[in-house]
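Peer 1: Chains as they are written, first to last, in the UniProt record's numbering: chain A, 1 to 690; chain B, 1 to 690.
Input: one structure, supplied below.
There are 2 protein chains.
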Amino acid sequence: MSSPKQQQDSVSSVAEAMAPESWSKVSCPCCVSSEVEPLVLIHLAENVESSTKQWIMSMISAPHKAGGAHLLVHPGEDASWGRLVVAAPRCTLLRATEELGLCKADKEGNMVLFSFHDRNNFNNINDMQKFLTLAERQYIVQHELESMRAVKDQRIPGIPGDKGILKSRQNILQKLQKAGVIQDVFPLCDEKKLNALGKDWYLKKSLWGQPLESIHAYFGGSIAFYFSFLDFYTWALVPPAVLGVFITFFLPGAPPPDIPKADNSTPGPGSSDASDDLDLSVSSHMVQAVFSMIWSTVFMELWKRRSAALSYHWGTLTLTEQFQEPRPGFQGEMGINPVTGRREPLFPDWKRQMRVGLVSVPVVGLFLGLVVLGMVGFYFCESTMSSIHKASGSIITATLSYLPSVMHIVYTNMLGNAYRTVALKLTEWENHREESAHQNHHTTKVLVFTFFNNFAVLFHIAIFKQDLQLLRKRLSSLLILSQVVNQLTEVLVPFVVDRFYGSSQKELKEDDPAADHMQAEGSLPPFPGLFLEYIELLVQFGYLSLFSCVYPLTAVLLLINNITEIRGDAYKICRLFRKPFSPPEASIGVWQTAFEVLAFFSVMSNCWLLFLAPRIKAFTQDSGLNPSVVLIFTVIVEHVLIVVKMILAFVIPDEPEWVQIKKQQIEYRTILALKEQKVKRSKTAELPRS
Amino acid sequence: MSSPKQQQDSVSSVAEAMAPESWSKVSCPCCVSSEVEPLVLIHLAENVESSTKQWIMSMISAPHKAGGAHLLVHPGEDASWGRLVVAAPRCTLLRATEELGLCKADKEGNMVLFSFHDRNNFNNINDMQKFLTLAERQYIVQHELESMRAVKDQRIPGIPGDKGILKSRQNILQKLQKAGVIQDVFPLCDEKKLNALGKDWYLKKSLWGQPLESIHAYFGGSIAFYFSFLDFYTWALVPPAVLGVFITFFLPGAPPPDIPKADNSTPGPGSSDASDDLDLSVSSHMVQAVFSMIWSTVFMELWKRRSAALSYHWGTLTLTEQFQEPRPGFQGEMGINPVTGRREPLFPDWKRQMRVGLVSVPVVGLFLGLVVLGMVGFYFCESTMSSIHKASGSIITATLSYLPSVMHIVYTNMLGNAYRTVALKLTEWENHREESAHQNHHTTKVLVFTFFNNFAVLFHIAIFKQDLQLLRKRLSSLLILSQVVNQLTEVLVPFVVDRFYGSSQKELKEDDPAADHMQAEGSLPPFPGLFLEYIELLVQFGYLSLFSCVYPLTAVLLLINNITEIRGDAYKICRLFRKPFSPPEASIGVWQTAFEVLAFFSVMSNCWLLFLAPRIKAFTQDSGLNPSVVLIFTVIVEHVLIVVKMILAFVIPDEPEWVQIKKQQIEYRTILALKEQKVKRSKTAELPRS
């Protein structure tokens with residue numbers, strides 16, 4: 001049986017299998033090198049004509065002026081083999097580094113905006129494997145492939161009909177993918193590095209710490225940021241976990257973790273018999289709520305600082321996405337970009353805003369309405385059913401009483417699936433110019449829906465039913481269940497499926513090591529992205545911050561979950577999926593906003609849950625306070641806490657001082673450059689060609 | 001009797017009075033010009049030795065390298081005359097334009113960051129009077145004078161003792177001002193331009209529109225921004241004014257403007273006899289509150305867009321204050337600025353933050369506590385006095401019943417004066433590097449106190465006394481009284497004083513026109529700054545947005561006030577005060593934040609005032625609603641409105657699209673420049689001096 005290790009194409013094995021003389025030739029003398037590092041694999045359709053394959057290879061190696069990608073390409077063992085292996089010459093890598101706006105270490109070790117013409121002032125400039133990380137090199141190859149655009153109307157050889165017609169400025173890669181000629185493009189993995197990384201990571205004995213630099217080097221910016229955030233978040237859970245344990249087990253009168261006390265959902269005056277403990281319980285509730293509010297704010301502010309520091313170290317403080325070519329899916333009329341002066345498709349902002357405001361927002365609202373409708377329907381059916389069951393009491397009605405739940409689950413699932421499709425279509429149709437804007441809008445749409453889906457029921461229980469006991473039960477079962485289910489579906493199931501599926505494939509090709517590596521690529525599923533991982537963290541953060549005062553052990557459960565999650569996710573991304581492309585990124589983007597919004601809502605939520613808490617109700621009744629007074633007091637506390645939260649967020653700077661200085665240095669350098677550059681220009685204009 | 005017109009030094013009259021050959025000589029050939037425009041007057045002490053005067057003149061005309069200001073200076077009619085007239089050569093003006101980071105129109109008419117070496121690509125480059133506005137030229141002279149720093153330890157000739165010792169890097173102008181040698185530095189006025197401006201401005205017949213471009217050209221950025229804001233604000237008051245009139249006079253059941261209905265502060269069930277009108281009244285209240293909330297948000301967002309457009313037109317999108325020398329009052333240990341690499345005093349950020357957080361904030365809090373204490377004392381004394389008066393009823397107790405009010409006014413005034421001194425001292429001590437940061441911190445301190453002072457009583461009436469009738473009375477009297485008092489003190493009193501005081505001075509010097517102009521300068525008081533003007537607008541905006549639902553005619557009164565205010569302020573700044581220096585600015589700065597904070601609080605305020613409104617109370621009692629339900633309803637409405645407000649603020653972009661594009665163009669140019677500049681540098685490094 002083959003181990004998962006052998007199932008991915010790896011850089012070294014591919015390099016060995018290929019004849020070095022078959023690489024396409026570089027056009028510039030500085031890039032000639034005896035060693036070529038294969039970076040990306042292009043998977044062609046089986047029935048592709050050799051003229052088409054030839055044409056694709058010529059485009060990939062053609063210079064940018066001719067609409068090509070200026071990369072190196074290798075046809076594999078023979079012309080009929082359905083793969084292309086792509087590498088990048090030094091010039092292309094360096095020019096792309098400049099174009100992306102990456103910062104690199106100069107001779108003094110400062111990260112400064114990379115400039116191709118100043119390349120000799122940078123460290124490791126002659127060793128691309130040190131200068132750029134593997135992930136960066138592979139991303140650049142993808143970026144260049146995606147930037148290929150036809151320079152004139154032409155036909156793609158070997159493809160008949162409309163599919164083969166390529167218009168001027170049309171995206172070549174997209175066209176080939178739509179025509180079914182290119183089936184897949186993915187980065188090759190590096191077995192050695194992956195093994196070394198795994199040892200430091202999911203095989204590590206210590207519970208804490210992850211090899212973030214190696215993760216960044218191997219997997220790239222977006223994935224490294226996810227694991228950095230997960231790491232930071234896990235550390236940050238320690239204080240609330242300690243407090244939760246203290247409140248649950250050491251304070252008298254606090255709610256015991258699982259054996260609920262005899263206070264009913266509607267506490268009569270009789271339920272407040274344990275009035276000795278009431279004072280303590282109320283105050284521990286309050287401590288928990290206030291602590292949770294301050295903690296979530298401080299956590300997010302400190303993460304921003306950490307994120308800025310990471311962004312500096314990884315050279316992404318100055319990404320210039322808005323000055324690059326638009327994303328491949330971008331549609332628009334050809335025109336001149338007013339900022340860069342390049343000819344490219346343009347799409348007016350107001351049209352996009354109209355599409356967002358007049359179509360996307362109402363459609364999302366409609367789906368949220370459908371969620372609420374489903375919930376209302378569910379509660380209505382359930383109460384009808386249970387009253388019927390109570391009246392008759394037969395087995396049929398007992399069985400039927402499960403019907404509303406089943407129907408609700410089916411309904412919710414169908415709605416979720418439909419929504420996912422609609423959200424992606426809508427975002428495509430909104431036609432964002434930058435990839436990051438596209439991602440942010442898509443993420444926001446899915447997020448709002450997920451929030452609603454996950455928390456609507458809990459808020460319904462908390463506010464309309466006012467049944468905190470039920471809420472606590474539901475919350476703890478959700479937390480424990482979702483963790484077990486997540487870990488199972490995320491790691492165990494793919495692992496088992498992969499073993500079974502991978503081994504059945506392996507047996508066929510045991511005798512051909514090179515072809516084995518190439519063909520085995522198909523056996524690993526593509527990486528599904530970090531979306532669901534972030535959603536999972538966010539929903540858990542929601543349980544923690546929104547309802548923490550109801551169930552103080554939330555943080556402990558989350559802490560345990562995260563420690564396993566780190567290893568699970570690490571194993572998964574290393575072994576169970578194909579290596580993904582991962583663009584350089586400056587932060588976790590829209591997810592940061594989502595966490596902040598949740599932290600903001602948590603203030604309100606905690607205040608109102610406290611107000612509704614039966615113990616506090618009993619306490620006020622005992623003290624003879626007017627409920628209106630308590631209500632007004634709650635409102636005042638809520639407002640004060642929100643103001644405190646805002647002040648805290650304002651007072652803690654979003655960037656450490658040294659990052660601010662580095663940023664200002666870069667800014668100052670560009671301003672100085674602008675002034676100096678003009679000297680040269682105006683002097684040469686005054687004294688032409690002297 | 002002399003008219004106020006003749007009382008300021010004017011550019012033309014000064015130029016006539018001075019011998020052109022007495023100007024100090026320029027060092028660079030390009031700046032030699034037959035015409036020298038006098039810009040700034042330096043007022044020396046009477047007993048200044050001629051050696052000192054000579055030294056000051058030499059420093060002013062010395063080049064930057066020698067610690068001088070590189071300006072032109074004229075000693076006046078003879079060496080013993082106690083004034084210096086300063087002008088600026090073309091080189092100095094252009095270099096300072098570059099240093100300030102101003103944008104200027106290039107040959108194609110686009111505003112781009114000015115670069116000295118690229119100067120020939122800019123419009124009007126050979127005519128400084130067209131290239132820079134008068135205000136900009138004068139500000140540059142001030143800026144250069146303030147930047148003079150000694151290059152080595154030395155003595156100022158003619159000043160004995162410690163006062164005359166100048167250390168290396170010490171600020172020369174500050175030293176001379178502290179030593180009492182230089183008494184004043186102010187810009188000369190231009191009588192012709194001022195007259196032309198006045199005709200278009202305060203003498204204009206149409207109610208609307210101000211000559212903003214001329215104001216900017218003559219008075220400079222900060223003053224032009226004030227009047228732009230005032231203009232915009234006045235226009236923005238039209239919709240709420242129309243709504244207020246409609247609600248007050250055309251809706252049945254609305255509260256009549258001045259004759260209060262017979263509803264007491266504690267409405268019994270009997271007071272709701274006019275229950276036919278109640279529905280309408282309640283809904284008009286609500287309309288007013290919701291409208292006010294949306295209006296204030298939209299108003300501020302639209303102002304931001306207007307402000308960005310103005311900033312582009314006035315070339316201040318790219319000000320580079322953080323890369324310039326620190327402000328003159330800045331203290332610190334000598335070191336190397338990590339960003340610019342210049343030698344200058346440094347002061348660590350964390351120390352400043354400690355000073356702000358551990359000293360300034362508690363001190364401000366203490367003063368706010370004293371305000372509350374005063375208010376509590378006042379109410380306590382008043383109730384004691386009135387009960388004594390009721391008990392005895394003599395004339396003595398009747399007189400004594402005024403005592404608390406008098407004492408409170410005296411106390412408030414003393415506290416206000418003390419606070420103003422403390423706020424300035426604290427801000428100086430916080431030691432901000434940039435002038436704008438200094439201004440912002442100072443303004444914030446005074447603002448918080450003023451807010452408290454003005455609104456604490458009103459909120460006390462609204463929330464603790466719950467007496468909306470009294471609130472309405474107080475509000476209308478405050479609005480009307482403060483307007484009358486403001487207009488009187490701001491315009492009439494200075495006008496009368498100036499006439500009387502100015503004429504008595506004039507009679508002495510009628511025979512000497514040149515000396516008359518120079519000496520008369522002292523007769524005009526220095527411009528007190530825009531602080532009080534902004535505070536006035538802000539407090540009025542507070543009355544409008546915080547309490548609008550109590551007194552719907554507020555907007556009408558403010559509209560009338562603003563229309564007179566525009567003319568009053570215009571007349572004042574043109575005729576009653578000395579022309580001030582006014583730095584180029586990109587927005588109204590911290591005032592914008594203050595207006596936004598007020599607009600935010602207005603949502604809460606309006607919701608709670610509505611909740612407390614006696615009519616609504618009566619309405620709910622009639623409808624048999626539980627007060628708790630109404631309270632919860634209020635809370636929900638408040639939260640929804642805040643969310644709506646945030647969404648509105650987020651959805652309306654802060655800058656118009658074309659300004660965004662212009663900004664991106666500037667950014668893209670600087671990045672391109674950085675790349676290009678490096679070409680040259682690395683090429684020259686590779687091929688030395690070929």
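Ideal Cβ placement from N, Cα and C applies to all residues, glycine included.
Treat the numbers as computed from the prediction; the structure is a model and nothing was measured.
Where do the ends of the beta strand (DSSP E) carrying isoleucine 42 (chain A) lie?
Peer 2: Within the first sequence, the letter at position 42 stands for residue 42 (chain A). Note, isoleucine 42 (chain A): beta strand (DSSP E), 40-44.
Peer 1: Using a Cβ-Cβ cut-off of less than 8 Å, give me the residues of the region 109-142 of chain A that come near chain B, in sequence order.
Peer 2: So the close ones are Leu113, Ser115, Phe116, His117, Asp118, Arg119, Asn120 and Asn121.
Peer 1: Provide the residue(s) that pair with asparagine 171 (chain A) in DSSP beta bridges, ordered along the chain.
Peer 2: The residue labelled residue 171 (chain A) in the question sits at position 171 within the first sequence. Partner(s): A:Arg149.
Peer 1: Given a cut-off of 7 Å on the beta-carbon distance, is the pair proline 584 (chain A) and threonine 318 (chain A) in contact?
Peer 2: Position 584 of the first sequence, counting from 1, holds the residue named residue 584 (chain A). Position 318 of the first sequence, counting from 1, holds the residue named residue 318 (chain A). Against a cut-off of 7 Å, the Cβ pair of threonine 318 (chain A) and proline 584 (chain A) comes out as no contact.
Peer 1: Any idea what DSSP makes of aspartate 118 (chain B), helix, strand or coil?
Peer 2: Reading the second sequence from its first residue, position 118 is the one you call residue 118 (chain B). Here aspartate 118 (chain B) sits in helix by DSSP.
Peer 1: Here's the rule: buried if 16 or more other CB atoms are within 10 angstroms of the residue's CB, otherwise exposed. What is glutamine 331 (chain A)?
Peer 2: Walking along the first sequence from the start, residue 331 (chain A) turns up at place 331. The residue in question, glutamine 331 (chain A), is exposed, as its Cβ has fewer than 16 Cβ neighbours within 10 Å.
Peer 1: Alpha carbons only, please: which of B:Phe225, B:Thr133, B:Thr421 and B:Leu113 is nearest the one belonging to leucine 530 (chain B)?
Peer 2: Position 530 of the second sequence holds residue 530 (chain B). It is B:Phe225 whose Cα lies nearest to the Cα of leucine 530 (chain B).
Peer 1: Is aspartate 349 (chain A) close to chain B, meaning its C-beta is less than 7 Å from at least one C-beta of that chain?
Peer 2: Translated into positions along the first sequence, residue 349 (chain A) becomes position 349. It does; some Cβ of chain B falls within 7 Å.
Peer 1: Which chain A residues sit within Cβ distance under 8 Å of methionine 604 (chain B)?
Peer 2: By 1-based counting over the second sequence, the position of residue 604 (chain B) is 604. Per Cβ cutoff of 8 Å: His639.
Peer 1: Report the three-state DSSP secondary structure of glycine 335 (chain B) (helix, strand or coil).
Peer 2: Sequence index remark: in the second sequence, residue 335 (chain B) carries index 335 (1-based). Strand, per DSSP.
Peer 1: Does the CB of threonine 684 (chain A) have a neighbour CB from chain B at under 7 Å?
Peer 2: In the first sequence, the residue the question calls residue 684 (chain A) occupies position 684. Residue confidence for threonine 684 (chain A) is low, a pLDDT of 36 falling below 50, so the modelled location carries little weight and cannot support an answer.
Peer 1: Does threonine 266 (chain A) come within less than 7 Å of chain B when only Cβ atoms are used?
Peer 2: The residue labelled residue 266 (chain A) in the question sits at position 266 within the first sequence. With a pLDDT of 40 at threonine 266 (chain A), under the threshold of 50, the modelled position of this residue cannot be trusted; read the value that follows with caution. It does not; no Cβ of chain B falls within 7 Å.
Peer 1: At least one CB of chain A closer than 7 Å to the CB of proline 627 (chain B): is that the case?
Peer 2: Here the question's residue 627 (chain B) lines up with position 627 in the second sequence. Yes, proline 627 (chain B) counts as interfacial toward chain A.
Peer 1: Is there a C-beta anywhere in chain A that falls below 7 Å from the one on threonine 670 (chain B)?
Peer 2: As a working note, residue 670 (chain B) is residue 670 in the second sequence. At least one chain A Cβ lies under 7 Å of threonine 670 (chain B).
Peer 1: Going by beta carbon distance, what residues of the same chain come within less than 8 Å of arginine 352 (chain A), once the five residues before and after it are set aside?
Peer 2: The residue you call residue 352 (chain A) lines up with position 352 of the first sequence. Correct list, in chain order: Glu430, Asn431 and His432.
Peer 1: In chain A, what lies closer than 9 Å to leucine 631 (chain B) by C-beta?
Peer 2: To locate residue 631 (chain B), count along the second sequence from 1; it is residue 631. By Cβ distance, chain A contributes Ser628, Leu631, Ile632 and Val635.
Peer 1: Going by DSSP, what residue range makes up the beta strand (DSSP E) through isoleucine 60 (chain B)?
Peer 2: Mapped onto the second sequence, residue 60 (chain B) falls at position 60. Note, isoleucine 60 (chain B): premise wrong, no beta strand (DSSP E); alpha helix (DSSP H) at 50-61.
Peer 1: List the endpoints of the continuous beta strand (DSSP E) containing arginine 343 (chain A).
Peer 2: Numbered from 1 along the first sequence, position 343 holds the residue referred to as residue 343 (chain A). Run containing arginine 343 (chain A): 343-346, per the beta strand (DSSP E) assignment.
Peer 1: Relative to the ligand NAD, is the shortest distance from any of its heavy atoms to the C-beta of aspartate 162 (chain A) smaller than 6 Å?
Peer 2: The ligand NAD is absent from the structure shown, which contains no ligands of any kind.
Peer 1: Residues of the region 405-426 of chain B in Cβ contact with chain A at a cutoff of 7 Å, in chain order, please.
Peer 2: From the region 405-426 of chain B, no residue has a Cβ closer than 7 Å to chain A.
Peer 1: Quick check: proline 328 (chain B) and serine 628 (chain A), are their CB atoms within less than 7 Å of each other?
Peer 2: Counted from its first residue, the second sequence places residue 328 (chain B) at position 328. Counted from its first residue, the first sequence places residue 628 (chain A) at position 628. No, the pair does not count as a contact, with Cβ atoms beyond the cut-off.
Peer 1: Would you call the region 637-646 of chain A and the region 656-666 of chain A touching, i.e. three or more CB-CB distances under 8 Å?
Peer 2: Result no; under three Cβ-Cβ pairs closer than 8 Å.
Peer 1: Find the nearest neighbour of valine 41 (chain A) within the set A:Ser24, A:Ile461, A:Ala570 and A:Asp184, judged by alpha-carbon distance.
Peer 2: Translated into the one-based positions of the first sequence, residue 41 (chain A) becomes position 41. Looking at the sequence itself, residue 41 (chain A) is leucine, so the reference to valine does not match. With distances taken between Cα atoms, leucine 41 (chain A) lies closest to A:Asp184.
Peer 1: Beta-carbon of threonine 444 (chain B) versus every beta-carbon of chain A: anything under 7 Å?
Peer 2: Your numbering for residue 444 (chain B) matches position 444 in the second sequence. No, because no Cβ of chain A sits closer than 7 Å to the Cβ of threonine 444 (chain B).
Peer 1: Since threonine 450 (chain A) and valine 539 (chain A) are thought to touch, with beta carbons under 8 Å apart, how far apart are those beta carbons, to the nearest angstrom?
Peer 2: Residue mapping note: residue 450 (chain A) aligns to position 450 of the first sequence, counting from 1. Residue mapping note: residue 539 (chain A) aligns to position 539 of the first sequence, counting from 1. That pair is a contact at about 7 Å.
Peer 1: Ignore the nearest five residues each way along the sequence and tell me which others in leucine 557 (chain B)'s own chain have a CB closer than 6 Å to its CB.
Peer 2: Residue mapping note: residue 557 (chain B) aligns to position 557 of the second sequence, counting from 1. Counting only Cβ-Cβ distances below 6 Å, and skipping sequence neighbours, we find Leu479.
Peer 1: Can you tell me which residues form a DSSP beta bridge with methionine 111 (chain B)?
Peer 2: On the second sequence, position 111 is the one that residue 111 (chain B) refers to. Note: methionine 111 (chain B) sits in a beta bridge opposite B:Ala105.
Peer 1: Tell me which residues share the same chain as phenylalanine 464 (chain A) and place their Cβ nearer than 7 Å to its Cβ, disregarding the 5 neighbours each side in the sequence.
Peer 2: One-based indexing of the first sequence puts residue 464 (chain A) at position 464. Within the same chain, phenylalanine 464 (chain A) has no close Cβ partners at all.
Peer 1: Give me the DSSP bridge partner(s) of histidine 74 (chain B).
Peer 2: Taking the first residue of the second sequence as 1, we reach residue 74 (chain B) at position 74. In DSSP, histidine 74 (chain B) forms a bridge with B:Val85.
Peer 1: What first and last residue would you give for the alpha helix (DSSP H) that runs through phenylalanine 330 (chain A)?
Peer 2: Position 330 of the first sequence holds residue 330 (chain A). Where phenylalanine 330 (chain A) is concerned, there is no enclosing alpha helix (DSSP H), given that its DSSP letter is neither H nor E.
Peer 1: According to the Cβ coordinates, are phenylalanine 116 (chain A) and leucine 94 (chain A) closer than 7 Å?
Peer 2: In the first sequence, the residue the question calls residue 116 (chain A) occupies position 116. In the first sequence, the residue the question calls residue 94 (chain A) occupies position 94. Cβ atoms of phenylalanine 116 (chain A) and leucine 94 (chain A): closer than 7 Å.
Peer 1: Kindly say whether glycine 316 (chain B), judged by its beta-carbon, lies nearer than 7 Å to any beta-carbon of chain A.
Peer 2: As a working mapping, residue 316 (chain B) is identified with position 316 in the second sequence. In the sequence as displayed, the identity of residue 316 (chain B) is threonine instead of glycine. No, its Cβ sits nowhere closer than 7 Å to a Cβ of chain A.
Peer 1: Please work out which residues of its chain come closer than 8 Å, Cβ to Cβ, to aspartate 153 (chain B), disregarding the five sequence neighbours upstream and downstream, and give them in chain order.
Peer 2: Taking the first residue of the second sequence as 1, we reach residue 153 (chain B) at position 153. Cβ neighbours of aspartate 153 (chain B) beyond the five flanking positions: Ile165, Leu166, Lys167 and Ser168.
Peer 1: Comparing alpha-carbon positions, which option in B:Leu44, B:Ser22 and B:His43 lies nearest glutamate 35 (chain B)?
Peer 2: Counting from 1 along the second sequence, the entry for residue 35 (chain B) is found at position 35. Closest by alpha carbon: B:Ser22.
Peer 1: Would you kindly work out how many angstroms separate the C-alpha atoms of leucine 302 (chain A) and alanine 308 (chain A), rounded to a whole number?
Peer 2: The residue given as residue 302 (chain A) occupies position 302 in the first sequence. The residue given as residue 308 (chain A) occupies position 308 in the first sequence. Computed Cα separation, rounded: 10 Å.
Peer 1: What do you get for arginine 155 (chain B), buried or exposed, if any count of 16 or more other CB atoms within 10 angstroms of its CB means buried?
Peer 2: The count along the second sequence starts at 1 and reaches residue 155 (chain B) at position 155. Result: exposed.
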